[in-house]
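Chemist: Residue numbers (the working numbering), protein chains in the order written: chain A, 1 to 124; chain B, 125 to 248.
Ideal Cβ placement from N, Cα and C applies to all residues, glycine included.
There are 2 protein chains.
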Amino acid sequence: MNEYADIFKALGDVTRLRILNLLLQAGKKLCVCEIVDALHLPQYRVSKSLALLKNSKLVTVAREGTWVYYGLNPELPPFFKAIFSLMKKHFQDVFSDDAGKIHSRLALRENGKCVIGFKCNEKK
Amino acid sequence: MNEYADIFKALGDVTRLRILNLLLQAGKKLCVCEIVDALHLPQYRVSKSLALLKNSKLVTVAREGTWVYYGLNPELPPFFKAIFSLMKKHFQDVFSDDAGKIHSRLALRENGKCVIGFKCNEKK
DNA sequence: TGCCTATATGCTCTTTTTTGCATATAATAT
DNA sequence: ATATTATATGCAAAAAAGAGCATATAGGCA
Numbered sequence: 001m002n003e004y005a006d007i008f009k010a011l012g013d014v015t016r017l018r019i020l021n022l023l024l025q026a027g028k029k030l031c032v033c034e035i036v037d038a039l040h041l042p043q044y045r046v047s048k049s050l051a052l053l054k055n056s057k058l059v060t061v062a063r064e065g066t067w068v069y070y071g072l073n074p075e076l077p078p079f080f081k082a083i084f085s086l087m088k089k090h091f092q093d094v095f096s097d098d099a100g101k102i103h104s105r106l107a108l109r110e111n112g113k114c115v116i117g118f119k120c121n122e123k124k
Numbered sequence: 125m126n127e128y129a130d131i132f133k134a135l136g137d138v139t140r141l142r143i144l145n146l147l148l149q150a151g152k153k154l155c156v157c158e159i160v161d162a163l164h165l166p167q168y169r170v171s172k173s174l175a176l177l178k179n180s181k182l183v184t185v186a187r188e189g190t191w192v193y194y195g196l197n198p199e200l201p202p203f204f205k206a207i208f209s210l211m212k213k214h215f216q217d218v219f220s221d222d223a224g225k226i227h228s229r230l231a232l233r234e235n236g237k238c239v240i241g242f243k244c245n246e247k248k
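(1) Tell me, please, which residues DSSP counts as bridged to C114(A).
(2) Kindly indicate if chain A contains any beta-carbon less than 8 Å away from that of V138(B).
(3) How close, in whole Å, do the beta carbons of A5(A) and L141(B) come, if the pair is a contact with beta carbons under 8 Å?
(4) Looking at the C-beta of F84(A), does it have a partner C-beta in chain B at a distance below 8 Å?
(5) At a Cβ threshold of 8 Å, is N121(A) touching chain B?
(6) Show which residues of chain A have a CB atom less than 9 Å away from the CB atom of H214(B).
(7) Is the beta carbon of A10(A) less than 8 Å from the beta carbon of L53(A)?
(8) Does any CB atom of chain B fall closer than 8 Å to the CB of K9(A)?
(9) Using beta carbons (cut-off 8 Å, strictly below), is L53(A) in contact with chain B?
(10) Could you tell me the alpha carbon to alpha carbon distance between G236(B) and V185(B), rounded to whole angstroms?
(11) Please determine, among K81(A), V68(A), H40(A), the residue with the shortest C-alpha to C-alpha distance to T15(A).
(12) What residues are listed by DSSP as bridge partners for G195(B)?
(13) Determine the closest residue to G151(B) out of I207(B), E188(B), I226(B), G241(B), with distance taken between C-alpha atoms.
(14) Select from C238(B), I131(B), N126(B) the residue whose C-alpha is nearest the C-alpha of Y194(B).
(15) Output yes if chain B places a C-beta closer than 8 Å to the C-beta of L17(A); else output no.
(16) Thinking S180(B) and I143(B) are a contact (beta carbons under 8 Å), I'd like their distance in whole angstroms, please.
(17) Under a CB-based cut-off of 8 Å, is V239(B) close to chain A?
(18) Which of the three DSSP states, helix, strand or coil, is assigned to L76(A)?
(19) Do you know offhand how far G241(B)'s Cα is from F80(A)'s?
(20) Taking only beta-carbon atoms, is V218(B) less than 8 Å away from chain A?
(21) Is F95(A) closer than 8 Å to N21(A) when the C-beta atoms are compared?
(22) By DSSP's criteria, C155(B) is part of a beta bridge. Which residues make up the other side?
(23) Does DSSP classify H164(B) as helix, strand or coil?
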């Protein structure tokens, strides 16, 4: 199909937008349980959204032991890098709760690493 | 759902992206037959894409007699205006044929108005 | 080895989107 | 009216996306 359409399609979903926003606002790689906890969404849903974002090359993955960290792909074409910086700026207000939650969650890290699982089992 | 996700979804389709690109590169309102001609797509497909873009508030419509002109919505929120200017810049290369075609088509206008229908009946 | 925790994925059901065709509407001219 | 041209839209089939649940995999540790 078309590279640009595909990426816009990947952006056309609230869960995925919220995940990307977390990564943007946190400014660092996040592990899956941190995202699950911040978004209050079922784990399988977060994992599936992350899988799609990874297929679209928007995020990259790095496993560290049991934990898996996702980060924004630093090798994105300039066009989408520009869109990401727009999102970073504008989404602060749109998903403001999420940003707060991820920051409290990040405060629980030890030596910069996630050491707890997710406490949130809410089905939304 | 979510305003941003909805608009990204509207951008997640090649036909719609190509239409928006025409509007961006032309810098003026275009009538449906001009778009059909430039994109070499069936008329119903262009009309349906335009209808969706209109529902997403990305474009506006103005009928002038038999002809209907579509233009970029000047009242978009700043976030999407910014995305549009990114698209205008970057899509010049991506859909370069389209831009050439719409310019030759626009050369056929008289007094700034479209005076011919579409000559292209191609099914792709 | 076996168990626990973190994460991924297969499967099914449901909902949305896309595609194509045929037809409807709208405006103009005869 | 009727015909013609421009545009929109209803409908049905096909394809794709989303939601939920259950289960699989993978790594760490007893």
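Modeler: Looking at the coordinates:
(1) In DSSP, C114(A) forms no bridge with anything.
(2) At a cut-off of 8 Å, the C-beta of V138(B) has a neighbouring C-beta in chain A.
(3) Contact flag correct, Cβ pair sits at about 6 Å.
(4) No, because no Cβ of chain B sits closer than 8 Å to the Cβ of F84(A).
(5) Because N121(A) sits at a pLDDT of 40, beneath the cut-off of 50, its placement in the model cannot be relied upon, and the following sentence gives the value as read from the coordinates. Residue contact check for N121(A) against chain B: no CB pair falls below 8 Å.
(6) Within 9 Å Cβ-Cβ: Y4, P77, P78, F79, A82.
(7) The answer is yes: Cβ separation under 8 Å.
(8) It does: the Cβ of K9(A) has a partner Cβ on chain B nearer than 8 Å.
(9) Using a CB distance cut-off of 8 Å, L53(A) does not count as an interface residue toward chain B.
(10) Roughly 17 Å separates the two Cα atoms.
(11) Taking T15(A) as reference, the option from K81(A), V68(A), H40(A) with the minimal CA-CA separation is H40(A).
(12) When DSSP reads this structure, G195(B) sits in a beta bridge with T184(B).
(13) Considering only alpha carbons, the answer is I226(B).
(14) Check the Cα spacing between Y194(B) and each of C238(B), I131(B), N126(B): the tightest is with C238(B).
(15) Yes, L17(A) lies at the interface with chain B (some Cβ there is under 8 Å from its Cβ).
(16) Contact annotation, S180(B) with I143(B): C-beta distance approximately 12 Å; criterion of less than 8 Å not satisfied.
(17) Chain A contact via Cβ: absent.
(18) When DSSP states are grouped into helix, strand and coil, L76(A) belongs to the coil group.
(19) Rounded to the nearest whole angstrom, the C-alpha separation of G241(B) and F80(A) is 37 Å.
(20) V218(B) counts as touching chain A.
(21) Yes, the Cβ-Cβ distance between N21(A) and F95(A) is below 8 Å.
(22) Paired residues: Y193(B).
(23) Coil at H164(B), not helix or strand.
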